[in-house]
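Student: Count along the sequence shown from 1, then add 185; that gives the number in my numbering. Every residue gets a Cβ at the ideal spot worked out from N, C-alpha and C, and that includes glycine. Just passing along the structure, written as structure tokens.
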Amino acid sequence: MRHVMVQIPNTPASLPPAQRSVPTSADVARLAGVSRATVSYVLNNTRAVRISEPTRRRVHQAAKELGYVPHAAARSLRAGHSRMVLMPAPAVPLGPLYSQFLSDLQGALGRLEYTVVLYGTGGLHGDAAARAWAELRPVAVIVPGPGIGPEGVAVLKRSGARAVVTLGPEPVDGAHALLMDHEAVGRCAAGHLYARGRRRIGVVVPEEPGLRAFSRPRLAGVRHALRDTDATVTVLPLAYDEECAARLAARCRELALDGVFAYNDEYAMLLMRALQDDGARIPEDTAVVGADDLMLGRLLRPRLSTVHLELPSGRDLAELVDRAVREPGAAPETHTALGATVVHRDSS
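This is the structure we're talking about:
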């Protein structure tokens, strides 16, 4: 049997994308016909150095053609800190109001050249969560709710965070604070129901554990507003579920409640439907008030009375973060950031 040897040409296959050379600022500089320093000034948007507009366009075009993206870690080393602002991901679903606030904040921080990272802590809480955040070396951390203590603030600052900002009912030592007065929400709702002649008032307290930081002060606000009056306050635990709402509607009938503050508009809409299914007339038998002033509440029949919340603007909070980053040694600032006013509609 004859054997024939065939030599196969040694032609290397094209490298997969992961093994191809990564474009560098030097590549961008060669293509644009400028120095590497100019590339750095343009892509880092350095204001201290004047670069002509045609040169800026050439650099951006070259970077786009090559697929060049600046290295965040290298940029952080040059600046002495990152441009990352970390926000712990909320443990409960975001409502429309807070989602819009987050969107505005991210846009405002982006215009100030920060990168916002929403970070899930995988069940960690408090100071343990702060240690996990610190591993990412953010330049600033914005903590919604009572999610951190003084030790957690200290951990973040030792790791290089120049600013820690809390959004909650009380300030935390060492952190800037936007105080969210949720008691005022309860006081407004209770005052409105009392002024409308309601005396047997129920207060919905969501059973979802992540909402306790907000529901407890709202309940306290109701109790404070009705103290020393002839009104009674009944706590109404409610999970966000139709069957639970149906059971609660029957209980409202048994207790002869003539007014309910339902924590927020979403719980109010859930309970209103259950009350109507149970035969209750709104507001004749039971007045209902929510909070957040969502558009859906205006589309209900009867239209939902609510407490309008004035959240801090994303721009104002972004400017506070930027100011704290630029002046890390300045004393922490404290601002009251939640306004509450009643919007009277048909349901009350």
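If you draw a straight line from the C-alpha of PHE446 to the C-alpha of ALA375, how long is it?
Tutor: Using only the alpha carbons, I get a separation of about 7 Å.
Student: Would you mind working out which of HIS409, ALA315, ASP426, ALA416 sits nearest HIS367, comparing C-alpha positions?
Tutor: For HIS367, the nearest C-alpha among the options comes from HIS409.
Student: Which same chain residues end up closer than 8 Å to THR526 when comparing Cβ atoms and leaving out the 5 residues on each side of it in sequence?
Tutor: Counting only Cβ-Cβ distances below 8 Å, and skipping sequence neighbours, we find CYS373, VAL492, HIS493, GLU495.
Student: Which class does TYR226 belong to by DSSP, given the choice of helix, strand or coil?
Tutor: If DSSP states are grouped into helix, strand and coil, TYR226 belongs with the helices.
Student: Cα separation between GLU392 and SER400?
Tutor: Approximately 10 Å between the Cα atoms of the pair.
Student: Taking all protein chains shown into account, do 16 or more other C-beta atoms lie within 10 angstroms of the C-beta of VAL254, making it buried, or fewer, making it exposed?
Tutor: By the neighbour-count rule (16 or more Cβ atoms within 10 Å), VAL254 is not buried but exposed.
Student: At what residues does the beta strand (DSSP E) containing THR240 begin and finish?
Tutor: Not the beta strand (DSSP E): THR240 falls in the alpha helix (DSSP H), residues 238-251.
Student: Please report the straight-line C-alpha distance between GLY265 and ARG343, rounded to a whole angstrom.
Tutor: Reliability of the predicted coordinates at GLY265 is poor, the pLDDT of 49 falling under 50, and no value is obtained from them.
Student: To the nearest angstrom, how far is it from the Cα of LEU303 to the Cα of VAL324?
Tutor: Between LEU303 and VAL324, the C-alpha separation is close to 14 Å.
Student: Output needed for GLY524: all residues of its chain with C-beta closer than 6 Å, excluding positions within five of it in sequence on either side, in chain order.
Tutor: These residues qualify, in order along the chain: GLU495.
Student: Suppose you measure from the CA of PRO273 to the CA of GLU469; what does that come to, to the nearest Å?
Tutor: Rounded to the nearest angstrom, the two C-alpha atoms are 43 Å apart.
Student: Checking 8 Å against the spacing of the C-beta atoms, do TYR379 and ALA405 come in under that value?
Tutor: No, they are not a contact pair.
Student: Which value, in whole angstroms, describes the spacing of the CA atoms of GLY514 and VAL350?
Tutor: One C-alpha to the other measures close to 14 Å.
Student: For SER498, which three-state DSSP category applies?
Tutor: It is coil, neither helix nor strand.
Student: For ARG385, which three-state DSSP category applies?
Tutor: In the structure shown, ARG385 sits in a strand (DSSP, three-state: E or B).
Student: Distance check for SER220 and LEU262, CA to CA, integer angstroms please.
Tutor: Low local confidence applies: a pLDDT of 48 at LEU262 is under 50, so the model's placement there is unreliable, and no value is given.
Student: Between ASP478 and the ligand GTP, is there a pair consisting of the residue's CB and a ligand heavy atom that are separated by less than 7 Å?
Tutor: Annotation note on the ligand GTP: not contained in the displayed structure, which lists no ligands.
Student: Which stretch, first to last residue, makes up the beta strand (DSSP E) that contains GLY353?
Tutor: Looking at the DSSP string, the run of the beta strand (DSSP E) that includes GLY353 is 348-353.
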